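Quick note, the sequences are listed as chains A and B, same order. Position in the first sequence (from 1) plus 156 gives the number in this note's numbering. Position in the second sequence (from 1) plus 1332 gives the number in this note's numbering. Just below is one structure, and these are the notes that go with it.
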Amino acid sequence: MRRMAALALSLVLGYANSGSAEPAPAEPTAPPRAQRDYLLACGGCHGLLGATQSKAVPQLKGLVGFYLNTPEGRGYLPRLPNVAFAALNDQELAAVLNYVVFDLGGASVPNGAKPYDAAEVARWRARPLTEVPLTEYRRRLVAGLIARYRAPATLGFYDHRD
Amino acid sequence: MTRTLAGYTSRRGFISRLGMALAAAPVLPLLPVGRSAAAEPAPASPSTDFERYAQTKDDTQCNYWKYCASDGVLCSCCGGGSHTCPPGAEPSPISWIGTCLNPDDKRSYIIAYRDCCGKPACTAGKECWCDGEDRELPVYRSPLNNDIIWCFGNASATYHCSTAALVSVAN
């Protein structure tokens, strides 16, 4: 169902990006709640389908699942300041994280990875990454995922030293 | 019309059908169709000044429905369209996303506000400079603020004009 919605959305986006007159959305039904929350809270920068051409924003599509290889990486996503402080309750945020990781992340998710639930999200977001040098923290975390979990080098492309 | 209607209706027939409808009303929500209809969100009603005065005909006007959170000069006044950049300008890969109410079908739609970049600011008249602020938050909540020039993600960060692209139905 989620994938059907994503497909319908991609059709709509195809229209939106074309140079012709803009028709009404091909799919008259709204995307599932988690996808809609992603679009409204995250999709402007991270891309409507998790892909962006900007180096100023990390790519999610096909990559974000690698973070679930370690407990630290799993906690990193809900502890990111814009995630932890999102105007969503724990249940809603868990649903958005699961959409991001399992739908947008696709094959990057390790086998057997469990979805987030509200209680876990509540624990992580209570410790937002506001007291650490975030760029350096991410760089170290990503280096470990590339070295030990076969994450591609593209996971590290969001790095201001590039 | 009234005469034609009167030719095949009667007050007694109407009352009879009304009575049947009232009797059946408590049953209808139990039917699959009834549940499906109940799941549909009720049409939204205007809740902001922008929504009260929005129109769907002229995309070179600030009150065109998709511009409820557009901040800048309209690309539709600059040789582009409501959702397309003028020739020579590049759309920003990052954007602000909001929702606007379409006054025709009373449904909310998700809109991506992309800037067009790489050319000097469009010199359209001031009637094309708009500042829709529906669902916008102050700049200290930057992901929900539309004063930001989204061209910072482009090869050239020069701002030219603003677009509003339809993404999908919101609810």
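Don't be surprised by glycine CBs; every beta carbon is placed ideally from N, CA and C. In this text the structure is predicted, and so the values were computed from the model without any measurement.
Would you mind reading off the limits of the beta strand (DSSP E) that contains residue i?
i, result
"LEU1476 of chain B", "That residue, LEU1476 of chain B, is in no beta strand (DSSP E); it is neither H nor E in DSSP."
"ASP1403 of chain B", "1403–1405"
"ILE1443 of chain B", "1439–1445"
"LEU1433 of chain B", "1428–1434"
"ASP259 of chain A", "ASP259 of chain A -> no beta strand (DSSP E), and no H or E assigned at all."
"ASP1463 of chain B", "1461–1463"
Between which two residues does the alpha helix (DSSP H) holding residue i run?
i, result
"GLY231 of chain A", "227–235"
"ARG281 of chain A", "274–281"
"TYR1491 of chain B", "No alpha helix (DSSP H) holds TYR1491 of chain B; the beta strand (DSSP E) holding it covers 1491–1494."
"ALA1283 of chain B", "Here chain B comprises residues numbered 1333 to 1503, so residue 1283 of chain B is not present and cannot be evaluated."
"ASP246 of chain A", "246–254"
"TYR194 of chain A", "189–194"
"TYR293 of chain A", "290–304"
"ASP1381 of chain B", "1381–1385"
Quick one: residues in its chain with C-beta nearer than 8 Å to the C-beta of residue i, no 5 flanking neighbours on either side, listed in chain order?
i, result
"THR310 of chain A", "GLN215, LEU219"
"GLU1422 of chain B", "CYS1448, CYS1449, GLY1450, ASN1486, ALA1487, SER1488"
"GLY1420 of chain B", "GLY1450, LYS1451"
"ASP1479 of chain B", "ASP1403, VAL1471"
"THR1388 of chain B", "TYR1396, TRP1397, ASN1434, PRO1435, ASP1436"
Within the same chain, show all residues whose beta-carbon is closer than 6 Å to that of residue i, passing over the 5 residues directly before and after it, in chain order.
i, result
"GLY300 of chain A", "none"
"TYR319 of chain A", "Since the first and last residues shown for chain A are 157 and 318, residue 319 of chain A lies out of range."
"SER1494 of chain B", "SER1402, GLY1404, ASP1447"
"ALA197 of chain A", "ALA242"
"SER1427 of chain B", "ALA1444, TYR1445, ARG1446, TRP1482"
"SER1500 of chain B", "ILE1442"
"PRO1378 of chain B", "ARG1384"
"PRO1425 of chain B", "GLY1485"
"CYS1298 of chain B", "In this structure chain B extends from 1333 to 1503, so residue 1298 of chain B is not present and cannot be described."
"ALA307 of chain A", "PHE222, LEU301"
Can a CB atom of chain B be found closer than 7 Å to the CB of residue i?
i, result
"LEU236 of chain A", "no"
"LEU196 of chain A", "yes"
"ALA186 of chain A", "yes"
"LEU163 of chain A", "Low per-residue confidence applies at LEU163 of chain A: pLDDT is 40, beneath 50, and the placement is therefore not dependable, though the value from the model is reported in the following sentence. No, LEU163 of chain A lies away from the interface with chain B (no Cβ there is under 7 Å from its Cβ)."
"ALA307 of chain A", "no"
"ALA172 of chain A", "Here ALA172 of chain A scores only 38 on pLDDT, less than 50, and its place in the model should not be relied on; the value that follows carries that caveat. Yes, contact with chain B."
Does residue i come within less than 7 Å of chain A when only Cβ atoms are used?
i, result
"PRO1425 of chain B", "yes"
"GLY1571 of chain B", "Residue 1571 of chain B is absent from the model: chain B starts at 1333 and stops at 1503."
"ALA1371 of chain B", "With a pLDDT of only 39 at ALA1371 of chain B, under the threshold of 50, the placement of this residue in the model should not be trusted, and no figure is reported."
"VAL1501 of chain B", "yes"
"TRP1461 of chain B", "no"
Could you pull out every residue in the same chain whose Cβ sits closer than 7 Å to the Cβ of residue i, ignoring the five residues on either side in sequence?
i, result
"GLU1465 of chain B", "ALA1401"
"ALA240 of chain A", "PRO234, ARG281, PRO284"
"TYR194 of chain A", "VAL252, TYR255, VAL256"
"ARG230 of chain A", "TYR223, LEU224"
"ALA278 of chain A", "ASP246"
"LYS1458 of chain B", "none"
"PHE1484 of chain B", "none"
"ARG304 of chain A", "none"
Using a Cβ-based criterion (distance less than 6 Å to any ligand heavy atom), does residue i qualify as near the ligand ADP?
i, result
"ILE1442 of chain B", "By its list of ligands, the structure shown contains no ligand whatsoever, and the ligand ADP lies outside what it can speak to."
Give the residues of chain D in contact with residue i, contact being defined as C-beta atoms less than 8 Å apart.
i, result
"TRP1428 of chain B", "Of the protein chains in this structure, namely A and B, none is chain D."
(request) Residues of the stretch 1432–1445 of chain B with a CB closer than 7 Å to any CB of chain A: list them in chain order, please. (result) Within the stretch 1432–1445 of chain B, the residues whose Cβ lies closer than 7 Å to any Cβ of chain A are, in chain order, ILE1442, ALA1444.
(request) Could you name the residues of the stretch 199–232 of chain A whose beta carbon sits closer than 9 Å to any beta carbon of chain B, in the order they occur along the chain? (result) Only those residues of the stretch 199–232 of chain A whose C-beta falls short of 9 Å from the nearest C-beta of chain B are listed: GLY199, GLY200, CYS201, HIS202, GLY203, LEU204, THR208, GLN209, SER210, LYS211, ALA212, VAL213.
(request) Mind checking the stretch 1471–1488 of chain B against chain A and listing, in chain order, the residues whose C-beta falls within less than 7 Å of any C-beta there? (result) Taken in chain order, the members of the stretch 1471–1488 of chain B whose beta-carbon sits within less than 7 Å of a beta-carbon on chain A are PRO1475, PHE1484, GLY1485.
(request) Can you give me, in chain order, the residues of the stretch 273–297 of chain A that have a beta carbon less than 7 Å from any beta carbon in chain B? (result) Of all residues in the stretch 273–297 of chain A, none has a Cβ within less than 7 Å of some Cβ in chain B.
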